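Heads up: the structure comes next, in structure tokens.
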Amino acid sequence: YQMNALCDKVSPLRAHRLKPIRQRTKNAVVSILDTEEVCMELLKGSGAQERVKEVLRISCDGYTIHIYHPNEGRGFPLDDRPPSAPEDVYVYHFDNLPEKFWKKYQYASKFVHLVRSKTPKVTLYTKYAKCMLMENGPKADVEVLFYDGGKINKTTEFLRIVEKSGKSYTFDGGKLNGLNEEAKIYVEHAHKAHQTCLELESTIAAQEKRKEKQLSFFPIIIGRRP
Amino acid sequence: DDLDAEELYDDRLESYFKQLVPPGMQ
Chain A
1 YQMNALCDKV SPLRAHRLKP IRQRTKNAVV SILDTEEVCM ELLKGSGAQE
51 RVKEVLRISC DGYTIHIYHP NEGRGFPLDD RPPSAPEDVY VYHFDNLPEK
101 FWKKYQYASK FVHLVRSKTP KVTLYTKYAK CMLMENGPKA DVEVLFYDGG
151 KINKTTEFLR IVEKSGKSYT FDGGKLNGLN EEAKIYVEHA HKAHQTCLEL
201 ESTIAAQEKR KEKQLSFFPI IIGRRP
Chain B
227 DDLDAEELYD DRLESYFKQL VPPGMQ
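Following this line, the structure appears as structure tokens:
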């Protein structure tokens, strides 16, 4: 029995349907590959001495982690793709990943969550707005862009309204006190569009389950701008 | 291991996010 477990800190990441990207920071490069795997390249050294010394390659369901040290531990200069795996690769399951890799896994997970929160899963064009339900479900973020310039963002933590004039309000959950008539209309419409997106998501997901092939029906776009 | 997730935000990431959104009201 482990007193600490990775699952107490983070859920297995999910990178299904996310588009490829490669993003570097000071000491690492995190990528979503076209296979939907997530790759972390850890860098050591600076300038011409900079090398990719360690690679974590995480399956798109987050459960399988391949770890290797390129060029027999000497590393390779940073390239535009991760160095390929040598023969001696350590393969771990999410449940038995050694603690020294947890922080790196959590970092990859945080990045994936950020991308999911910005990736539309359901896009609905209504009479007044484009409503997007994002991939970070359950309780996914919602972004409603009104054709007149207004905007609403809903997350589990806050609701932000931007009126067409540019004036904005942020509410930390709970009641929406002191809203003017214009903002009330925006919120009401956003709420309805959000509900419709959730219903569409559930209907499409049910159809998707009936199919044997693992072919995703998402993202979906419903309607068009009037 | 100096992994700072805040560093991830930059212009390149913003333009990637914009590409994810279906056209019409970007």
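If you read the protein sequences in the order shown, they are chains A and B.
Here the first sequence is numbered in our numbering, starting from 1 and rising by one per residue.
Here the second sequence is numbered in our numbering, starting from 227 and rising by one per residue.
Glycine included, C-beta positions come from ideal geometry on N, C-alpha and C.
Please read these numbers as outputs of a predicted model, since none were measured by experiment.
Checklist entry - When the cut-off is 8 Å and only beta carbons count, does residue 114(A) lie next to chain B? => result Here the question's residue 114(A) lines up with position 114 in the first sequence. Yes - at least one Cβ of chain B is within 8 Å of the one on residue 114(A).
Next on the checklist: Against chain B, does residue 187(A) count as a neighbour if the rule is that its beta carbon must be under 8 Å from one of theirs?
Outcome noted: Translated into the one-based positions of the first sequence, residue 187(A) becomes position 187. Not one chain B Cβ lies under 8 Å of residue 187(A).
Checklist entry - residue 21(A) CB to nearest chain B CB: under 8 Å? => result As a first step, residue 21(A) must be located in the first sequence, where it is residue number 21. Yes, contact with chain B.
Checklist entry - Since residue 82(A) meets chain B, which of its residues come closer than 8 Å, beta carbon to beta carbon? => result To locate residue 82(A), count along the first sequence from 1; it is residue 82. The premise fails here: residue 82(A) is roughly 17 Å from chain B at the closest Cβ pair, so nothing lies under 8 Å.
Item to check | Near-chain B residues of the region 103 to 135 of chain A (beta-carbon distance less than 9 Å), N- to C-terminal order | outcome: Within the region 103 to 135 of chain A, those residues whose Cβ lies closer than 9 Å to any Cβ of chain B are, in chain order, 103, 104, 106, 107, 110, 111, 114, 115, 118, 119, 120, 123, 125, 129, 130 and 132.
Item to check | Continuous alpha helix (DSSP H) stretch holding residue 206(A): start and end | outcome: Position 206 of the first sequence, counting from 1, holds the residue named residue 206(A). Annotation: the continuous alpha helix (DSSP H) that includes residue 206(A) extends over 181 to 210.
Item to check | Nearest-angstrom Cα separation, counted from residue 23(A) out to residue 37(A) | outcome: Position 37 of the first sequence, counting from 1, holds the residue named residue 37(A). Position 23 of the first sequence, counting from 1, holds the residue named residue 23(A). Their backbone Cα atoms lie some 14 Å apart in a straight line.
Item to check | Close-in-space but distant-in-sequence residues of the same chain around residue 153(A) (CB under 6 Å, 5 per side omitted) | outcome: Counted from its first residue, the first sequence places residue 153(A) at position 153. Apart from sequence neighbours up to five positions away, the residues of its chain that approach residue 153(A) with a beta-carbon distance below 6 Å are 143 and 160, ordered along the chain.
Checklist entry - Which residues, in order along the region 62 to 80 of chain A, keep a beta-carbon less than 7 Å from a beta-carbon of chain B? => result Correct list: empty, as no residue qualifies.
Checklist entry - Near residue 148(A), which residues of its chain fall below 7 Å by C-beta distance, leaving aside the five closest residues on each side in sequence? => result Counted from its first residue, the first sequence places residue 148(A) at position 148. Result list for residue 148(A): 164, in chain order.
Item to check | C-beta neighbour in chain B for residue 221(A), strict 8 Å | outcome: Numbered from its first residue, the first sequence carries residue 221(A) at position 221. It does: the Cβ of residue 221(A) has a partner Cβ on chain B nearer than 8 Å.
Checklist entry - Quick one, which of 34(A), 54(A), 104(A) and 32(A) has its alpha-carbon nearest residue 9(A)'s? => result Here residue 9(A) corresponds to residue number 9 of the first sequence, with the count starting at 1. For residue 9(A), the closest C-alpha among the options 34(A), 54(A), 104(A) and 32(A) is that of 104(A).
Next on the checklist: Mapping the DSSP letters down to three states, classify residue 242(B) as helix, strand or coil.
Outcome noted: Position 16 of the second sequence, counting from 1, holds the residue named residue 242(B). The answer is helix: DSSP assigns residue 242(B) an H, G or I state.
Item to check | Contact with chain B by residue 25(A), beta-carbon distance below 8 Å | outcome: Residue mapping note: residue 25(A) aligns to position 25 of the first sequence, counting from 1. Yes, because at least one Cβ of chain B sits closer than 8 Å to the Cβ of residue 25(A).
Checklist entry - Is DSSP giving residue 153(A) helix, strand or coil here? => result In the first sequence, the residue the question calls residue 153(A) occupies position 153. Under the three-state reduction of DSSP, residue 153(A) is assigned to strand.
Checklist entry - In the structure shown, what three-state DSSP assignment does residue 163(A) receive? => result Counted from its first residue, the first sequence places residue 163(A) at position 163. For residue 163(A), the three-state secondary structure derived from DSSP is coil.
Next on the checklist: Helix, strand or coil, according to DSSP, for residue 227(A) in the structure here?
Outcome noted: Any question about residue 227(A) goes unanswered here, given that chain A covers just 1 to 226.
Item to check | the region 81 to 93 of chain A contacting the region 54 to 62 of chain A, beta-carbon criterion three pairs below 8 Å | outcome: The region 81 to 93 of chain A vs the region 54 to 62 of chain A: in contact.
Next on the checklist: So, at 8 Å on beta carbons, what are the nonlocal neighbours of residue 90(A) in its own chain, with the 5 sequence-adjacent residues on each side left out?
Outcome noted: Stepping through the first sequence from its first residue, residue 90(A) is reached at position 90. Excluding residues up to 5 positions away in sequence, 66, 67 and 68 lie with their Cβ nearer than 8 Å to the Cβ of residue 90(A) in the same chain.
Item to check | Complete alpha helix (DSSP H) runs within the region 54 to 129 of chain A (minimum length 4 residues, chain order) | outcome: Those alpha helix (DSSP H) runs which fall completely within the region 54 to 129 of chain A and span 4+ residues are 102 to 116.
Next on the checklist: Closer than 8 Å is the cut-off here; do at least three beta carbon pairs connect the region 94 to 108 of chain A with the region 194 to 205 of chain A?
Outcome noted: No, the region 94 to 108 of chain A does not touch the region 194 to 205 of chain A.
Next on the checklist: Using the three-state DSSP reduction, which class does residue 234(B) fall into: helix, strand or coil?
Outcome noted: The residue labelled residue 234(B) in the question sits at position 8 within the second sequence. Looking at residue 234(B) - three-state DSSP - the assignment turns out to be helix.
Checklist entry - What first and last residue would you give for the beta strand (DSSP E) that runs through residue 9(A)? => result By one-based count along the first sequence, residue 9(A) stands at place 9. It is not in any beta strand (DSSP E) - residue 9(A) instead sits in the alpha helix (DSSP H) that spans 6 to 9.
Item to check | Nonlocal neighbours in the same chain, by C-beta distance under 6 Å from residue 92(A), ignoring five residues either side | outcome: In the first sequence, counting from the first residue as 1, residue 92(A) sits at position 92. Take residue 92(A), set aside five residues on each side of it, and the residues of its chain with a beta-carbon closer than 6 Å to its own are 65, in chain order.
Item to check | Presumed contact (8 Å Cβ cut-off) between residue 17(A) and residue 61(A), rounded CB distance | outcome: Counting from 1 along the first sequence, the entry for residue 17(A) is found at position 17. Counting from 1 along the first sequence, the entry for residue 61(A) is found at position 61. Not really, about 12 Å apart at Cβ, beyond 8 Å.
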